[in-house]
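Quick note on numbering that gives the first Met the number 0: the sequence shown kicks off at 0 and runs consecutively. The beta carbon of each residue, even a glycine, is placed where N, CA and C say it ideally should be.
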Amino acid sequence: MIRNHRAVTVLQATQESPTLARLADMAMESSARLKSLETLIPRALRPAIKAGPIDGPVWCLLLDNNAVAAKVRQLLPAMEAHLRSKGWEVNSIRLKVQMTPTAIR
């Protein structure tokens, strides 16, 4: 069997694989959701919040620390209502604090 080793771009790889294409679509949708919430999030908190995975009607936000999580928890009802008004099926938003290697000691 002769293999043709050729370099492909990430875009080509996602287009040729249904699994990767679905993963890329979900990542883009998650980013779009976070972008649509930008006006609801205080400017100082925006860099500390990342778009996370979508699992059906549950969406996850990845947060830098517990202080950000406490503030975002207060915003959740408005965020969920906003996303539903934009047509996304979101029953709940899960918050996950990500520990950085420097924070773990």
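Inset, instruction - Determine the closest residue to HIS81 out of THR99, ALA23, LEU33, ARG21, with distance taken between C-alpha atoms. - result: In the sequence shown, residue 81 corresponds to position 82, counting from 1. For HIS81, the closest C-alpha among the options THR99, ALA23, LEU33, ARG21 is that of LEU33.
Inset, instruction - With DSSP collapsed to three states, give me the class of ARG54. - result: Along the sequence shown, read from residue 1 onward, the residue named residue 54 stands at position 55. As written in the sequence, residue 54 is Asp, which differs from the Arg given in the question. DSSP places ASP54 in strand when its eight states are reduced to three.
Inset, instruction - Give, in chain order, every unbroken run of the beta strand (DSSP E) that is at least 3 residues long and sits entirely within the stretch 55–82. - result: Within the stretch 55–82, the complete beta strand (DSSP E) segments at least 3 residues long are 57–62, listed from N- to C-terminus.
Legend entry - Contact under 8 Å by Cβ, LEU44 with VAL67: Numbered from 1 along the sequence shown, position 45 holds the residue referred to as residue 44. Numbered from 1 along the sequence shown, position 68 holds the residue referred to as residue 67. In this structure, VAL67 lies closer than 8 Å to LEU44 by Cβ.
Inset, instruction - State the Cα-Cα distance for the pair ILE53 and THR18, rounded to the nearest angstrom. - result: One-based indexing of the sequence shown puts residue 53 at position 54. One-based indexing of the sequence shown puts residue 18 at position 19. Taking the Cα positions, ILE53 is about 15 Å away from THR18.
Inset, instruction - Give a yes or no on whether the C-beta atoms belonging to LYS95 and LEU62 are separated by under 8 Å. - result: Position 96 of the sequence shown, counting from 1, holds the residue named residue 95. Position 63 of the sequence shown, counting from 1, holds the residue named residue 62. Here LYS95 is near LEU62, since their CB atoms are less than 8 Å apart.
Inset, instruction - Give the secondary structure of SER91 by DSSP, where H, G and I count as helix, E and B as strand, and everything else as coil. - result: Counting from one through the sequence shown, the residue named residue 91 turns up at place 92. Collapsing the DSSP output to three states places SER91 in a strand.
Inset, instruction - Check whether the Cβ atoms of ALA23 and THR13 sit closer than 8 Å, and answer yes or no. - result: Locating residue 23 in the sequence shown gives position 24, counting from the first residue. Locating residue 13 in the sequence shown gives position 14, counting from the first residue. One thing to note: ALA23 has its Cβ within 8 Å of the Cβ of THR13.
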